[in-house]
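Student:
Protein chains: 4
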Amino acid sequence: MGEPRQGDGGWTVTEVRLISEIEVELVRAMASDEAVAEAARVSTAKDRAATGRPVQGLIGALMRERHGSPFEHGMFTFRVHAPIFVFREWMRHRAGWSYNEQSGRYTEFEPVFYVPAPGRPLVQQGKAMDYDLRPGSDGQYVTAQMDLEDGCREAYERYRRMLGEGIAREVARMVLPVSTYSTMYATCNPRSLMHFLSLRTREDDAAYPSKPQVEIEWAARQCEKVLEDSMPVTYAAWHANGRVAP
Amino acid sequence: MGEPRQGDGGWTVTEVRLISEIEVELVRAMASDEAVAEAARVSTAKDRAATGRPVQGLIGALMRERHGSPFEHGMFTFRVHAPIFVFREWMRHRAGWSYNEQSGRYTEFEPVFYVPAPGRPLVQQGKAMDYDLRPGSDGQYVTAQMDLEDGCREAYERYRRMLGEGIAREVARMVLPVSTYSTMYATCNPRSLMHFLSLRTREDDAAYPSKPQVEIEWAARQCEKVLEDSMPVTYAAWHANGRVAP
Amino acid sequence: MGEPRQGDGGWTVTEVRLISEIEVELVRAMASDEAVAEAARVSTAKDRAATGRPVQGLIGALMRERHGSPFEHGMFTFRVHAPIFVFREWMRHRAGWSYNEQSGRYTEFEPVFYVPAPGRPLVQQGKAMDYDLRPGSDGQYVTAQMDLEDGCREAYERYRRMLGEGIAREVARMVLPVSTYSTMYATCNPRSLMHFLSLRTREDDAAYPSKPQVEIEWAARQCEKVLEDSMPVTYAAWHANGRVAP
Amino acid sequence: MGEPRQGDGGWTVTEVRLISEIEVELVRAMASDEAVAEAARVSTAKDRAATGRPVQGLIGALMRERHGSPFEHGMFTFRVHAPIFVFREWMRHRAGWSYNEQSGRYTEFEPVFYVPAPGRPLVQQGKAMDYDLRPGSDGQYVTAQMDLEDGCREAYERYRRMLGEGIAREVARMVLPVSTYSTMYATCNPRSLMHFLSLRTREDDAAYPSKPQVEIEWAARQCEKVLEDSMPVTYAAWHANGRVAP
Numbered sequence: 001m002g003e004p005r006q007g008d009g010g011w012t013v014t015e016v017r018l019i020s021e022i023e024v025e026l027v028r029a030m031a032s033d034e035a036v037a038e039a040a041r042v043s044t045a046k047d048r049a050a051t052g053r054p055v056q057g058l059i060g061a062l063m064r065e066r067h068g069s070p071f072e073h074g075m076f077t078f079r080v081h082a083p084i085f086v087f088r089e090w091m092r093h094r095a096g097w098s099y100n101e102q103s104g105r106y107t108e109f110e111p112v113f114y115v116p117a118p119g120r121p122l123v124q125q126g127k128a129m130d131y132d133l134r135p136g137s138d139g140q141y142v143t144a145q146m147d148l149e150d151g152c153r154e155a156y157e158r159y160r161r162m163l164g165e166g167i168a169r170e171v172a173r174m175v176l177p178v179s180t181y182s183t184m185y186a187t188c189n190p191r192s193l194m195h196f197l198s199l200r201t202r203e204d205d206a207a208y209p210s211k212p213q214v215e216i217e218w219a220a221r222q223c224e225k226v227l228e229d230s231m232p233v234t235y236a237a238w239h240a241n242g243r244v245a246p
Numbered sequence: 247m248g249e250p251r252q253g254d255g256g257w258t259v260t261e262v263r264l265i266s267e268i269e270v271e272l273v274r275a276m277a278s279d280e281a282v283a284e285a286a287r288v289s290t291a292k293d294r295a296a297t298g299r300p301v302q303g304l305i306g307a308l309m310r311e312r313h314g315s316p317f318e319h320g321m322f323t324f325r326v327h328a329p330i331f332v333f334r335e336w337m338r339h340r341a342g343w344s345y346n347e348q349s350g351r352y353t354e355f356e357p358v359f360y361v362p363a364p365g366r367p368l369v370q371q372g373k374a375m376d377y378d379l380r381p382g383s384d385g386q387y388v389t390a391q392m393d394l395e396d397g398c399r400e401a402y403e404r405y406r407r408m409l410g411e412g413i414a415r416e417v418a419r420m421v422l423p424v425s426t427y428s429t430m431y432a433t434c435n436p437r438s439l440m441h442f443l444s445l446r447t448r449e450d451d452a453a454y455p456s457k458p459q460v461e462i463e464w465a466a467r468q469c470e471k472v473l474e475d476s477m478p479v480t481y482a483a484w485h486a487n488g489r490v491a492p
Numbered sequence: 493m494g495e496p497r498q499g500d501g502g503w504t505v506t507e508v509r510l511i512s513e514i515e516v517e518l519v520r521a522m523a524s525d526e527a528v529a530e531a532a533r534v535s536t537a538k539d540r541a542a543t544g545r546p547v548q549g550l551i552g553a554l555m556r557e558r559h560g561s562p563f564e565h566g567m568f569t570f571r572v573h574a575p576i577f578v579f580r581e582w583m584r585h586r587a588g589w590s591y592n593e594q595s596g597r598y599t600e601f602e603p604v605f606y607v608p609a610p611g612r613p614l615v616q617q618g619k620a621m622d623y624d625l626r627p628g629s630d631g632q633y634v635t636a637q638m639d640l641e642d643g644c645r646e647a648y649e650r651y652r653r654m655l656g657e658g659i660a661r662e663v664a665r666m667v668l669p670v671s672t673y674s675t676m677y678a679t680c681n682p683r684s685l686m687h688f689l690s691l692r693t694r695e696d697d698a699a700y701p702s703k704p705q706v707e708i709e710w711a712a713r714q715c716e717k718v719l720e721d722s723m724p725v726t727y728a729a730w731h732a733n734g735r736v737a738p
Numbered sequence: 739m740g741e742p743r744q745g746d747g748g749w750t751v752t753e754v755r756l757i758s759e760i761e762v763e764l765v766r767a768m769a770s771d772e773a774v775a776e777a778a779r780v781s782t783a784k785d786r787a788a789t790g791r792p793v794q795g796l797i798g799a800l801m802r803e804r805h806g807s808p809f810e811h812g813m814f815t816f817r818v819h820a821p822i823f824v825f826r827e828w829m830r831h832r833a834g835w836s837y838n839e840q841s842g843r844y845t846e847f848e849p850v851f852y853v854p855a856p857g858r859p860l861v862q863q864g865k866a867m868d869y870d871l872r873p874g875s876d877g878q879y880v881t882a883q884m885d886l887e888d889g890c891r892e893a894y895e896r897y898r899r900m901l902g903e904g905i906a907r908e909v910a911r912m913v914l915p916v917s918t919y920s921t922m923y924a925t926c927n928p929r930s931l932m933h934f935l936s937l938r939t940r941e942d943d944a945a946y947p948s949k950p951q952v953e954i955e956w957a958a959r960q961c962e963k964v965l966e967d968s969m970p971v972t973y974a975a976w977h978a979n980g981r982v983a984p
């Protein structure tokens, strides 16, 4: 894949892979409701074992009153395979997030690009900063698919040609579109994850509703599932309190 | 510019602008050597006016011993016009940096793209993570210029065509290359600026030499000039101490 | 003040100053509603001058949808004179805050201490993490005043005696109570200030009500006044949106 | 302990515990040299398994060139038992650190206080911001021990008396000295730990030597041991590169 081959008419043809998925894989985690309670109890009890108050009540109170720090003593590392435009949004999250992304200077990108699947809403309606999207017509899907696919293929061919001429990766990559897939390691703590989720998921009953682009929301939903599985009490309390990070 | 016009053969032709500059404009600043000394003296003197120790000696000692916090009580806001691949590197700086960048969801990109000027080194030599660049041959420059220019033009035409078909900006922009120019406001403090400069400029006599890509270094050098002009004592002390942020 | 003098019985007597105020002085600021709008417009408009949307509507929308970053391009530097127990709470705010506090290693503390004024609620009622305070009886005020005043005086005498014996400041200060006044420079941006205010002021109509200790709330209220004066539109929008930082 | 008892002369006597240790206990960790390499390889290799370059060389290069981000994908949680003046220094570390400390509002402090052990240097020599300490005379040790011990006992008696009178914990605690022991949970990542260590340990061969107070250095040395044990390659590379955090 990605290797040019001799085409019928004597042209080299690059095969590119067009996909519509965002992959989020949990690499490792150390996070639990118990760790939240344990850290919170440092503030309130002499003895670590002395509980009295059940975890559920304690975590609910912390969330309600926005005592955020007990939710920071944990960690999730995700491996994310997504197009560059998703990483551009993700990396705006600074506090409590750490990133390592594939470098366009040190590596050669593979010919993998994002195209919207047929189900992805395509047409904008509403004002510039407050718009919604609705499905496109069949014609619009064809246009988008063709333009994106042809654009990616041509860009990748140019990329490969420049590399073939000995031009540095850091220059050749300038031609690649923001739909090019890249890979990153992203590490966060439960609190910074909840903050990310509050801005990158769309829920009508959120206290402060957000309108993220769907591609980053797909990624966020996968992270949300990890949070729910590993910290069910925290997750439920966060959701019940308007999905605002404590 | 950017508007399609009727070409000779009946085709619409988009004119794109290809430039090789990174623009950094200082929007506003509140930062001075005196403010550093003033903050440091809170630690050491009862009276704000009581100085005794001249600013130069004080700042030199702070830098040498890496007392960093007095260098945080200031602010610089820059307006930066640069290609997306530069912003991707810049925004990895999280602590003490704030960003607002042009949104591809809320605005339409202009047809302005980066191409390397003839002087820009083009050919990689050395290992993957420790390479240097040397100038390219005439042929390599022609290849790079043509591929980048044609790639940008075609991508922008596709972008415009999708927009013309009613496809949402957040989808159409996926075809645009990372050489597309965007604009951001970036705000930092003197300490976070020094940290940025230490990693994004190349100086052989730095204590920990870095090898940034030249485009972000051009931007960093403009920021460095602002630091030097507004905080000459701090700047000199930072440089004299191996360009490691305190 | 603070100098020991010869007492009646041949003892040295230290005069200490007991006060009940927290002083917050604005040292300098560069922050405005216009700067928020200007930064936000980078995201949405090609031209900085092109406004259309009035500042009020724009800032209201940013606040409602928790677009926080445009509120970071500003700065406030406060000089705060407060007891150590207030600084201990304040410095838990990490993101967007910079601090320089008087050092007990580099300086000698003055004999200034905090005592609750008669109006300060004194008696706890309710559960450990959810208690309220009500005024104390006259007897309780006398007890508190006497114990705090005598405790401070004795501690300061010990401090001075140790210093007089040549013992290092960093050791002698260990005896000083957390009611000892210290001074700090604290710098923040409008967003981090709003976050601080949301946790350190008590308002029943806040979306997530907090119960700060009154001493830090007094400080916070002075900061809040500065925010209101310098950024009235931002302030009003923040308050109207439940006093949750965007 | 801490409970008043009937003394000989009819007075109640509080027994206080005076100790000279700082305890640092590793609660949990998820950190390894392999995780650093794994994150770094995202930048440089397509395949996670594809190593080629041994971990040691890779980590050495990252450290030398200050590629800091791969060192952030790990976590250490420490439980620290230390006097308040140590926590005051520790909590100035903001980036990559999370804290939960015992609350003087929610809990009652135990009568445990710090006093310098005989070996602890006691006398300051040199300039205000550049001083060293040398051992004290026997007389100085007696003075310091007596003043600190008596000061702590009297302060704790006042504290207990106020609590006994029904005065709120948040008021009564104002009389307690900064030598009072408290407990915290502190979580950091390997990079933020190295930064802490660079400022809180004293090594003559460090590139930027620091002069921390010995009590926080004792704590830091225990953290350093944890780093060395869990990430030996990272630790050695950091030390070899002047103990400057990457």
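Protein chains in written order, with my numbering: chain B, 1 to 246; chain U, 247 to 492; chain R, 493 to 738; chain C, 739 to 984. For glycine and all other residues, C-beta sits at the position ideal for the given N, C-alpha and C.
#1: Between the alpha carbons of B/Val36 and B/Gly242, how many angstroms are there, rounded?
#2: Does the pairing of the segment 690–698 of chain R with the segment 657–665 of chain R give three or more beta-carbon distances under 8 Å?
#3: Taking DSSP's pairing of strands, which residues face B/Lys127 in a bridge?
#4: Hey, quick one: how far does the alpha helix (DSSP H) through C/Met932 stretch, first residue to last?
#5: Look at the Cβ atom of U/Val424, then the Cβ atom of B/Val178, and state whether they are nearer than 9 Å.
#6: Count the other CB atoms within 10 Å of the CB of R/Pro546; is the residue buried (16 or more) or exposed (fewer)?
#7: State whether the segment 182–190 of chain B contacts the segment 88–98 of chain B, with contact taken as three or more CB pairs (one from each stretch) at a distance under 8 Å.
#8: Could you check whether the Cβ of B/Ala155 sits closer than 9 Å to any Cβ belonging to chain U?
#9: Considering only residues of the segment 127–183 of chain B, which uninterrupted beta strand (DSSP E) runs meet the minimum length of 3 residues and lie entirely inside it, listed in chain order?
#10: By DSSP, does C/Arg755 sit in helix, in strand, or in coil?
#11: Between which residues of its own chain and B/Arg248 is the CB-CB distance below 6 Å, once the five residues before and five after are set aside?
#12: Going by C-alpha distance, which of C/Gln883, C/Gly877, C/Arg858 and C/Val909 is nearest C/Leu679?
#13: Assuming R/Gly643 contacts C/Ala910 under a Cβ cut-off of 8 Å, what Cβ separation, rounded to an integer in Å, is found between them?
#14: Does the Cβ-Cβ distance between B/Trp74 and B/Ser43 come in under 9 Å?
#15: Measuring only between beta-carbons, confirm whether C/Val793 sits less than 9 Å from chain E.
#16: Here's a check: name, in chain order, each residue in its chain whose Cβ is nearer than 6 Å to the Cβ of B/Arg48, leaving out the five neighbours to either side.
#17: R/Val572 touches chain B at which residues, Cβ-Cβ below 7 Å?
#18: Looking at C-beta atoms only, is the number of pairs between the segment 67–86 of chain B and the segment 308–324 of chain U that lie closer than 8 Å three or more?
#19: What is the rounded straight-line gap between the Cα of R/Glu716 and the Cα of B/Val112?
#20: Given the structure, does B/Arg28 come close to the ligand SAH, in the sense that its CB is under 8 Å from one of the ligand's heavy atoms?
#21: Can you give me the C-alpha to C-alpha distance between C/Met801 and C/Pro984, rounded to a whole angstrom?
#22: How many angstroms separate the CA atom of R/Tyr606 from the CA atom of C/Val913?
#23: Note the first and the last residue of the continuous alpha helix (DSSP H) segment covering B/Leu227.
#24: Following the continuous alpha helix (DSSP H) through R/Ser535, name the residue where it begins and the one where it ends.
#25: Closest by CA to B/Ala82, which one among B/Gly139, B/Ala220, B/Asp229 and B/Ala236?
#26: Going along the chain, which residues of its own chain have a beta-carbon closer than 8 Å to the beta-carbon of R/Glu707, five neighbours each way excluded?
#27: Drop a sphere of 10 angstroms on the beta-carbon of U/Pro364, count the other beta-carbons inside from all chains shown, and report buried for 16 or more, exposed for fewer.
#28: Per DSSP, which residues does B/Phe113 bridge with? Please list them.
#29: Which residues in the same chain have their Cβ closer than 7 Å to the Cβ of C/Ile757, if we skip the five residues on either side of it in sequence?
#30: Helix, strand or coil for R/Ala574? Go by DSSP, reduced to three states.
#31: Roughly how many angstroms separate the alpha carbons of R/Ala699 and B/His67, rounded to a whole number?
#32: When burial is assigned at 16 or more other CB atoms within 10 Å of the CB, is R/Val725 buried or exposed?
#33: Let's test the definition: count the other Cβ atoms within 10 Å of the Cβ of R/Pro562 and tell me whether it reaches 16, buried, or not, exposed.
#34: Do you know whose CA, among B/Tyr159, B/Ser182 and B/Val226, lies nearest B/Val27's CA?
#35: Can you tell me whether C/Asp967 is buried or exposed, with buried defined as 16 or more other CB within 10 angstroms of its CB?
Tutor: Judging by the given coordinates:
#1: Translated into the one-based positions of the first sequence, residue 36 of chain B becomes position 36. Translated into the one-based positions of the first sequence, residue 242 of chain B becomes position 242. Those two C-alpha atoms are separated by around 19 Å.
#2: no
#3: Numbered from its first residue, the first sequence carries residue 127 of chain B at position 127. According to DSSP, which records beta bridges pairwise, B/Lys127 is partnered with B/Asp130.
#4: Along the fourth sequence, read from residue 1 onward, the residue named residue 932 of chain C stands at position 194. Its alpha helix (DSSP H) spans residues Pro928 to Arg938.
#5: Here residue 424 of chain U is taken as the residue at index 178 of the second sequence, counted from 1. Here residue 178 of chain B is taken as the residue at index 178 of the first sequence, counted from 1. Result yes, Cβ atoms of U/Val424 and B/Val178 sit closer than 9 Å.
#6: Position 54 of the third sequence, counted from the first residue, corresponds to residue 546 of chain R. Exposed, since its Cβ has fewer than 16 Cβ neighbours within 10 Å.
#7: yes
#8: Stepping through the first sequence from its first residue, residue 155 of chain B is reached at position 155. True, the Cβ-Cβ gap to chain U drops below 9 Å.
#9: 130–134
#10: By one-based count along the fourth sequence, residue 755 of chain C stands at place 17. Three-state result, C/Arg755: strand.
#11: Given that chain B is displayed from residue 1 to residue 246, the structure contains no residue 248 of chain B and the question cannot be resolved.
#12: Residue 679 of chain C falls outside the range modelled here, since chain C spans only 739 to 984, and no answer is possible.
#13: For the purposes of this step, residue 643 of chain R is taken as the residue at position 151 of the third sequence. For the purposes of this step, residue 910 of chain C is taken as the residue at position 172 of the fourth sequence. Rounded, the Cβ-Cβ distance is 10 Å, inconsistent with contact.
#14: As a working mapping, residue 74 of chain B is identified with position 74 in the first sequence. As a working mapping, residue 43 of chain B is identified with position 43 in the first sequence. Note that residue 74 of chain B is Gly in the sequence shown, not Trp. Not closer than 9 Å, so no.
#15: As a matter of chain content, chain E is missing from the structure shown, whose protein chains are B, U, R and C.
#16: Counted from its first residue, the first sequence places residue 48 of chain B at position 48. With a pLDDT of 47 at B/Arg48, under the threshold of 50, the modelled position of that residue is not reliable, and the figure given next carries that caveat. Closer than 6 Å at the Cβ level, and outside the excluded window around B/Arg48, lies no residue.
#17: In the third sequence, the residue the question calls residue 572 of chain R occupies position 80. Near R/Val572 there are no residues of chain B at all, since even the closest Cβ is about 22 Å away, more than 7 Å.
#18: no
#19: Counted from its first residue, the third sequence places residue 716 of chain R at position 224. Counted from its first residue, the first sequence places residue 112 of chain B at position 112. The alpha-carbon atoms of R/Glu716 and B/Val112 are separated by roughly 51 Å.
#20: Inclusion of the ligand SAH in the displayed structure is not the case, the ligand content being empty and no account of it being possible.
#21: Counted from its first residue, the fourth sequence places residue 801 of chain C at position 63. Counted from its first residue, the fourth sequence places residue 984 of chain C at position 246. Computed Cα separation, rounded: 5 Å.
#22: To locate residue 606 of chain R, count along the third sequence from 1; it is residue 114. To locate residue 913 of chain C, count along the fourth sequence from 1; it is residue 175. Cα-Cα distance, rounded: 10 Å.
#23: For this step, residue 227 of chain B is matched to residue 227 along the first sequence. Counting along the chain, the alpha helix (DSSP H) containing B/Leu227 begins and ends at Val214 to Ser230.
#24: As a first step, residue 535 of chain R must be located in the third sequence, where it is residue number 43. Element bounds for R/Ser535: Asp525 to Thr536.
#25: Here residue 82 of chain B refers to the residue found at position 82 when the first sequence is read from its first residue. It is B/Ala220.
#26: Position 215 of the third sequence, counted from the first residue, corresponds to residue 707 of chain R. Around R/Glu707: Ile514, Ala574, Pro575, Phe577, Val578 and Tyr606.
#27: Mapped onto the second sequence, residue 364 of chain U falls at position 118. Its Cβ having fewer than 16 others within 10 Å, U/Pro364 is exposed.
#28: Against the first sequence, residue 113 of chain B aligns to sequence position 113. Answer by DSSP bridge pairing, in chain order: B/Leu18 and B/Thr180.
#29: Along the fourth sequence, one-based indexing puts residue 757 of chain C at 19. Answer for C/Ile757: Val850 and Tyr852, listed in chain order.
#30: Looking up residue 574 of chain R in the third sequence gives position 82. Here R/Ala574 sits in strand by DSSP.
#31: Position 207 of the third sequence, counted from the first residue, corresponds to residue 699 of chain R. Position 67 of the first sequence, counted from the first residue, corresponds to residue 67 of chain B. Going from the Cα of R/Ala699 to the Cα of B/His67 covers about 14 Å.
#32: Counted from its first residue, the third sequence places residue 725 of chain R at position 233. Buried is the call here.
#33: The residue given as residue 562 of chain R occupies position 70 in the third sequence. Under this definition R/Pro562 is a buried residue.
#34: On the first sequence, residue 27 of chain B is found 27 positions in, with the first residue counted as 1. Minimum Cα distance to B/Val27 is reached at B/Val226.
#35: Along the fourth sequence, one-based indexing puts residue 967 of chain C at 229. Classification for C/Asp967: exposed.
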